[in-house]
Amino acid sequence: MPFKINTNLSALDAYNALARVNAQTNKAQLRLASQLRINSVADDTSGYRVGKELEGKVTLMKAAQGNIGAAKNTLSTAESALTNINDLLIQIKGKIAEANDPTKNLTALANDINALGDEISAIFTNTKFNDTALLSGSALPSSSNFVFQTGETEKTTINFGTMNTLDLASISSSGATSSNITSLSVSTLETAVQDSLGKIGNYVQRLDVKDDYLTSAITNATASVSRLFDADMAIEQLKATKGQIGQQVSTTMLAQLNFQPRSLLTLFQ
0 MPFKINTNLS
10 ALDAYNALAR
20 VNAQTNKAQL
30 RLASQLRINS
40 VADDTSGYRV
50 GKELEGKVTL
60 MKAAQGNIGA
70 AKNTLSTAES
80 ALTNINDLLI
90 QIKGKIAEAN
100 DPTKNLTALA
110 NDINALGDEI
120 SAIFTNTKFN
130 DTALLSGSAL
140 PSSSNFVFQT
150 GETEKTTINF
160 GTMNTLDLAS
170 ISSSGATSSN
180 ITSLSVSTLE
190 TAVQDSLGKI
200 GNYVQRLDVK
210 DDYLTSAITN
220 ATASVSRLFD
230 ADMAIEQLKA
240 TKGQIGQQVS
250 TTMLAQLNFQ
260 PRSLLTLFQ
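All the letters of the sequence shown, read from the start, carry residue numbers 0 to 268 under numbering that gives the first Met the number 0.
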């Protein structure tokens with residue numbers, strides 16, 4: 000082995016080894032501090048890209064899940080209104096049946112029917128969710144459709160049927176009179192209400208399925224993001240401890256090798 004003073008190759012090798020140990024130790028300590036395996040794109044380029052794409056999908060799916068909740072609340076509001084209307088229609092049918100009893104006061108029965116009809120009209124007009132009319136009125140969306148995004152790209156359209164086109168004149172205000180009460184019929188309105196209630200039930204079932212799917216998809220995507228980004232704290236602690244010991248050893252060896260050329264001085268004594 001040649002003896003040189005200007006270039007201490009052994010010390011340079013020790014220095015390079017110490018630099019590598021320092022870099023590895025610093026990376027492990029950074030991961031421990033941040034609890035993240037990927038702290039910059041350079042740590043894992045492909046993993047970073049996949050993870051960020053998954054995070055974007057999770058954000059979309061959570062928003063869609065929130066939309067599903069809003070859709071369910073909308074349906075629940077409409078269901079309550081239609082259930083009340085259905086109950087009132089049953090009362091009206093009872094009044095019409097009573098009118099076929101010649102001992103009854105037809106004028107009083109007609110007034111009762113008109114009052115019940117006015118209440119039905121009020122429910123139609125005032126049933127709203129977040130200031131949006133659900134059953135009738137100028138605020139009703141085009142074609143009675145309510146469109147909710149319920150997936151990454153999927154949309155669900157809710158339609159309450161023909162509620163906003165029904166004619167309530169025959170049972171509201173002064174529509175019912177003592178002379179026409181026995182000929183009144185609410186079968187068309189009753190059928191429309193029941194059809195809409197059936198639609199609401201079907202919509203809720205569909206939304207429940209979508210909600211369950213999104214819950215599972217969000218969980219799986221979040222788990223994938225965790226595998227990509229989250230640090231294994233036990234492994235990183237082992238690496239940090241190993242690195243700290245390596246730093247001490249490498250520093251000691253560098254110090255010894257740095258003074259190795261001094262042995263050449265004995266040749267000049």
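A virtual CB, placed ideally from N, CA and C, is assigned to each residue, including glycine.
Out of the options, which one is the CA nearest neighbour of residue i?
i      : options                           : result
Ile234 : Gln23, Lys71 and Lys94            : Gln23
Gly242 : Leu17, Ala216 and Thr44           : Leu17
Gly68  : Asn85, Ile180, Glu52 and Phe128   : Phe128
Asp111 : Ala96, Thr124 and Thr250          : Ala96
Gly44  : Val248, Leu227 and Met252         : According to the sequence displayed, residue 44 carries Thr and not Gly. Among Val248, Leu227 and Met252, the Cα nearest to that of Thr44 is on Leu227.
Asn219 : Leu8, Lys56, Val20 and Arg36      : Lys56
Lys71  : Asp194, Met232 and Gln148         : Gln148
Ala107 : Asp117, Lys94 and Asn66           : Lys94
Thr155 : Leu206, Asp211, Leu134 and Gln255 : Leu206
Thr152 : Asn66, Glu78 and Lys103           : Asn66
Could you give the residue range of the beta strand (DSSP E) that holds residue i?
i      : result
Lys103 : Looking at the DSSP string, Lys103 is not in any beta strand (DSSP E), and its letter there is neither H nor E.
Val40  : Unbroken run through Val40: none, as it is neither H nor E.
Gln148 : Asn144 to Gln148
Asn158 : Lys154 to Asn158
How long is the line joining the alpha carbons of residue i and residue j, rounded to whole angstroms?
i      : j      : result
Val146 : Ile157 : 6 Å
Ala309 : Asp42  : Nothing can be reported for residue 309: it is not among the residues displayed for the chain, which extend from 0 to 268.
Ala132 : Leu87  : 20 Å
Glu52  : Leu59  : 11 Å
Gln64  : Gly245 : 50 Å
Ala13  : Leu213 : 55 Å
Leu139 : Lys26  : Its pLDDT being 41, under 50, Leu139 is placed unreliably in this model, and the value from its coordinates should be taken loosely. Cα to Cα, Leu139 sits roughly 59 Å from Lys26.
Met252 : Ala239 : 20 Å
Lys209 : Ser33  : 35 Å
Val192 : Leu105 : 27 Å
Thr221 : Ser215 : 10 Å
Are residue i and residue j closer than 7 Å when you measure CB to CB?
i      : j      : result
Thr126 : Ala62  : no
Val185 : Ile119 : no
Val224 : Gly46  : no
Asn38  : Leu29  : yes
Ile180 : Ala98  : yes
Asn85  : Ile122 : no
Tyr202 : Leu74  : yes
Under a Cβ-count criterion, where at least 16 other Cβ atoms within 10 Å of its own Cβ denotes burial, should residue i be classed as buried or exposed?
i      : result
Val11  : Note on residue identity: the sequence assigns Leu, not Val, to residue 11. With fewer than 16 other Cβ atoms within 10 Å, it is exposed.
Ser182 : exposed
Asn269 : Given a span of 0 to 268 for the chain in the structure shown, any question on residue 269 remains unanswerable.
Arg48  : exposed
Where do the N-terminal and C-terminal ends of the alpha helix (DSSP H) with residue i fall, by residue?
i      : result
Asn201 : Ser186 to Phe228
Gln236 : Met232 to Asn257
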